[in-house]
Amino acid sequence: MPDAFSQLSEDYIGATLAQRPEAATGLGFHEHDSEITDRSRENVERRAQQLRGFLSRIDGLRADELTPEDKTDVELLRNHVSWELVTIEEIAAFRHNPGGYLAAIGGGCNGLIIRDFAPLAERSKSLVARLRQTPRLLEQARTNLEDCSRIHVETALEQGAGLRVLLQRDLPGALASLDDAALLAEFGEAQQTASDAIDGFLTWMKDDLLPRANADFAYGPERYTKMLSYLDAVERPLDELERRGRDDLRACQERLRELAAQVDASKTPAEVVDLVAQEHPAPDRLLPDTDALLEELRQFSIDHKLVTMPTEVRIRVADTPSFARATTQAACSTPGAFEKKATEAYYYVTPPDASWPAERTEAYLKFFNRYSLPGITAHEAYPGHYVHLMWLHKSERKLPHFLPTITTIEGWAHYVELVMIETGYGGGDPRYGIMQQREALLRLCRYLASLGLHTQGWTFDESVEFFQREGYATRPIAERESRRGVIGPQYYSYTLGKHEILDLRAKLEKQQGARFDLLAFHDAFMKLPYPVPVIERLLLANET
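Mapping of the sequence shown onto the working numbering: position 114 corresponds to residue 119, and the numbering continues sequentially without gaps.
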């Protein structure tokens, strides 16, 4: 018979999977593949009651019956349950964010075609079932949505265009090899039903919801502080976090100026960044060049004792699936933590569209220039996301797998971009440092814009101007980044996570002195599936 906490964990996971069938598919649980989320107000309230029940059960656990590992997991569970209650009862995203409904449809369909975890016919039947439930979910959206901000609605309208492509092009393409006329006919009918529902919903958003979308999007300081506490175990005052970000921003800008002067002292930093970015692969060489870089970075990580590899299985470079091209330039796609069958991992890279004019292709490829591509690949693959996630998947603690800490994951990947330069990647060529600083500057602007938009009353236009002035971003990039900050304030995670990791490293270096070993620190860090302050507590406890 399981102990009280083990039973509580299993009950929580089972209940949450039933509430979020699309997420269940992505994680590798396939009992709910034919379902799509129920966001009726009645079910949202049932979930809130369920969460309050879990908190009551957590409060009833006896500390003397918990192992030290259990106590850490109890803290993690309490925080996640508390935050979900905040999102329902205070933030009420189901009433304010139309994009969440569209994301459930897109994610639910995409999750069934992206990996071969079951025969195509079986996955196709689940796909048909989810498509048939689309009108019900969108009708719930119409009932629920009120007090939306204009940016939320405008962004959802853009999402809708991408969802149309998924339904009309990508899903039929994924089922092209299916040899079952009756099932294909069912799919065609369900696809049309879902498409009609989506078109109707987009028209309603444009004609009805958008004209009255005047609500404030900001979380406010109190909710923002709860987000930091519950999701990241960060208890620092907001003004202290902002001061750290401002100081780092100035240091990053100064370092970029120093490096730019080494390349061409007659040009501004922004002009030097553009100059360096002009050296990039040809469109047909982007994937092969990235593939060749993978093994080089893996070996560099080994030779410089940055990480121990968790597996000999290599991540594979692949062309980004068409449904994700509009929003993805580079991404690490690993199987869900509980996936047992479809275990391949991909490093997706999106080449420029062949239909683009030459000017757009040139501007796009500058992102993948010779000196930025190693940092992008280090972030996504070696020694970044792929290495980290493969270590995390080895953990036997089920609950932390189910409740990953985004700031730890993104913070690690951003941190290793800096580590690569620190340990000599690029042989001291300032152009590699320039591109590393450029990426750090963008993430710092995200961090400060998140604080500004959600706790300091920044307008959208003020955020756009901030990205242009302080991050040297073009207006289209500044607008995209500002929209992202309005919708998802947790994009502070890259910089916050890096800051927390650097602080932890400094504390260990001070405590251990000559005994400090970077490889040992990195390996120990990657194996702990918790917020960075919790990892800090665990690692520093080993020193006492």
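Every residue, glycine too, gets a C-beta built ideally from N, C-alpha and C.
Since the structure is predicted, the reported quantities are computational estimates derived from the model, not experimental observations.
(request) Answer with buried or exposed for ALA256, where buried requires no fewer than 16 other C-beta atoms within 10 angstroms of its C-beta. (result) Label assigned to ALA256: exposed.
(request) Determine the DSSP secondary structure at ILE324, reduced to helix, strand or coil. (result) The question names Ile, but residue 324 is Asp in the sequence shown. It is a strand residue.
(message) Would the region 109–119 count as touching the region 155–174 if we require 3 or more Cβ pairs under 8 angstroms?
(response) yes
(request) Determine the DSSP secondary structure at CYS153, reduced to helix, strand or coil. (result) CYS153 carries a coil assignment under DSSP once its states are collapsed to helix, strand and coil.
(request) Tell whether a beta-carbon distance below 9 angstroms holds between TYR499 and HIS419. (result) yes
(message) Would MET232 and PRO409 be called neighbours here (beta carbons separated by less than 9 angstroms)?
(response) No.
(request) Name, in chain order, the residues that DSSP records as bridge partners for TYR351. (result) ARG321, SER338
(message) Give the list of continuous alpha helix (DSSP H) stretches no shorter than 4 residues that lie fully inside the region 475–516.
(response) 480–492
(request) Counting only the same chain and skipping the five closest in sequence on each side, list residues whose C-beta sits under 8 angstroms from that of LEU299. (result) Here LEU299 has ARG319, ILE320, VAL322, TYR352, THR382, ALA386, TYR387 as same chain residues with Cβ atoms under 8 angstroms from its own Cβ, once five neighbours each way along the sequence are excluded.
(message) Going by beta-carbon coordinates alone, are PRO536 and THR413 separated by less than 9 angstroms?
(response) yes
(message) Rounding to the nearest angstrom, what Cα-Cα distance links SER39 and TYR452 in this structure?
(response) 38 angstroms
(request) Give every residue of the same chain whose Cβ lies closer than 6 angstroms to the Cβ of GLY389, excluding the five residues on either side of it in the sequence, and list them in chain order. (result) Within the same chain, GLY389 has close Cβ partners ALA383, ALA418, VAL421.
(message) Would LEU4 and LEU456 be called neighbours here (beta carbons separated by less than 9 angstroms)?
(response) There is simply no residue 4 to check, as the chain begins at 6 and stops at 549 in what is shown.
(message) Can you look up TRP361 in the DSSP assignment and give me helix, strand or coil?
(response) coil
(message) Rounding to the nearest angstrom, what Cα-Cα distance links ALA181 and ILE18 in this structure?
(response) Each residue's alpha carbon lies about 35 angstroms from the other.
(message) Taking the beta carbon of TRP361 as the centre, do at least 16 other beta carbons fall within 10 Å, making it buried, or is it exposed?
(response) exposed
(message) Tell me whether the region 271–284 and the region 362–380 touch, counting them as touching only if at least three CB pairs, one residue from each stretch, are closer than 8 angstroms.
(response) yes
(message) Measuring only the C-alpha atoms, how far is GLU276 from GLY250?
(response) Approximately 24 angstroms between the Cα atoms of the pair.
(request) Go through its chain and collect everything with a Cβ distance to ALA29's Cβ below 6 angstroms, but skip five positions before and after it. (result) LEU22, HIS37
(message) To test your reading of the DSSP string, which unbroken alpha helix (DSSP H) runs of 4 or more residues are found completely within the region 52–109?
(response) 73–91, 98–101
(message) Can you look up PRO293 in the DSSP assignment and give me helix, strand or coil?
(response) Looking at PRO293 - three-state DSSP - the assignment turns out to be helix.
(request) Check SER45 in the structure and name its three-state DSSP category. (result) coil
(request) Please state whether DSSP places HIS398 in a helix, a strand or coil. (result) helix
(message) If I follow the unbroken alpha helix (DSSP H) through GLY451, where does it start and stop?
(response) The sequence as given places Arg at residue 451; Gly does not occur at that position. Taken as a continuous stretch (DSSP letters only), the alpha helix (DSSP H) holding ARG451 covers 435–460.
(request) Would you identify the three-state DSSP class for ARG25, choosing helix, strand or coil? (result) coil
(request) Would you mind giving the Cβ-Cβ distance between PRO293 and TYR477, rounded to the nearest angstrom? I have them listed as a contact below 8 angstroms. (result) Rounded, the Cβ-Cβ distance is 30 angstroms, inconsistent with contact.
(message) Using only CA atoms, which one of HIS398, LEU143, LEU501 lies nearest to ARG248?
(response) Checked all of HIS398, LEU143, LEU501; the closest Cα to ARG248 is LEU501.
(request) Take the Cβ of GLU415 as the centre, count every other Cβ of all protein chains shown within 10 Å, and call the residue buried at 16 or more, exposed below. (result) buried
(request) Output the boundary residues of the alpha helix (DSSP H) element that contains TYR1. (result) For the chain, the structure presents residues 6 to 549; residue 1 sits outside this window and is missing.
(request) Could you check which residue in ARG57, HIS459, LEU261, ASP78 has the C-alpha nearest to that of GLY225? (result) When only C-alpha atoms are compared, the closest one is HIS459.
(message) Taking the beta carbon of GLN138 as the centre, do at least 16 other beta carbons fall within 10 Å, making it buried, or is it exposed?
(response) buried
(message) Just to confirm the assignment, what range does the alpha helix (DSSP H) spanning THR198 have?
(response) 186–209
(request) Reducing DSSP to helix, strand and coil, say where ASN547 ends up. (result) Secondary structure of ASN547 (DSSP, three-state): coil.
(request) Write down every uninterrupted run of the alpha helix (DSSP H) in the region 261–313 whose length is 4 residues or greater and which is fully enclosed by it, in chain order. (result) 274–282, 291–308
(message) Can you tell me whether GLU505 is buried or exposed? The criterion is at least 16 other CB atoms within 10 Å of its CB, across all chains shown.
(response) buried
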